[in-house]
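J.: Please read through the structure below; I'll follow up with questions.
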């Protein structure tokens, strides 16, 4: 596109905007983020081909462009004299209440038959629906992963039942009470669950940040309430599983277990 003055929604972050009456060689205002991605700086030249005619412009300034809004944003903006005589069309965005859209489209079609009006609300709603489905799929996948992790913790507790029986028998023989043995098993289970949770948080946060920063190029925010909830859930599941199997060890006769061990 081309412009004489800097639109209010933009801000020049590097360089200077050209004067309103500028009529010299073509100048370009380039979007800051896109310029950084492809390695463009002030003073670089860019050549565009418009209907077979090549126009080379010099980047005179870089500006912030927010493409997340429903407004119109351009990566490249030339000075007016560079493009005003080239064949072009005008585009505009209109914000309207949903109830007034149909009448507005009819009025535009009746008053300006050569103007094409495109309703983007349907496209936005469709994209929102798809993103919602993706979010639901991710949530279900995360739930299945958590369930699998809890089952692994329970399986780990079950696999160490034999050793737990022997430890309980030895501690009983040495004079430990049931409550002391139970506290010992509970403390160990809680520490194991906490260690596993800490590793999960470090790996998960690091991996999530790396994907968002290097792949998605998006901001990364940790919802600590959810993360800590998963960790405490794992600790609780591991604690219950180990205590459940520990009760069997506490109820077993020490002499029988020690003879079996021999």
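Numbering (the working numbering), first residue to last: 62 to 323. Here a beta-carbon is modelled for each residue, glycine too, at the ideal position from N, C-alpha and C. Because the structure is a prediction, the values reported are computed rather than measured.
1. Between residue 247 and the rest of its own chain, which residues show a CB-CB distance below 7 Å, the 5 nearest in sequence each way excluded?
2. So does the stretch 258–276 actually touch the stretch 289–297, counting three or more Cβ pairs closer than 8 Å?
3. What number of angstroms, rounded off, separates the C-alpha of residue 298 from the C-alpha of residue 218?
4. Less than 8 Å separating the beta-carbons of residue 281 and residue 273?
5. Would residue 243 and residue 307 qualify as a contact pair, given that the criterion is a beta-carbon distance under 8 Å?
6. Would you mind reading off the limits of the alpha helix (DSSP H) that contains residue 197?
7. Should residue 118 be labelled buried (16 or more other beta-carbon atoms within 10 Å of its own) or exposed?
8. Give the straight-line distance between the Cα atoms of residue 254 and residue 314, rounded to the nearest whole angstrom.
9. Can you look up residue 157 in the DSSP assignment and give me helix, strand or coil?
10. Does the Cβ of residue 224 have 16 or more other Cβ atoms within 10 Å, making it buried, or fewer, making it exposed?
11. In the DSSP assignment, the alpha helix (DSSP H) including residue 325 goes from what residue to what residue?
12. What is the rounded straight-line gap between the Cα of residue 184 and the Cα of residue 130?
T.: Checking against the coordinates, here is how it stands:
1. Hits under 7 Å: 300, 304.
2. yes
3. Rounded to whole angstroms, the separation of the alpha carbons of residue 218 and residue 298 is 10 Å.
4. Yes.
5. yes
6. 182–220
7. buried
8. 29 Å
9. coil
10. exposed
11. Past the edges of the chain, shown from 62 to 323, lies residue 325, and the structure says nothing about it.
12. 15 Å
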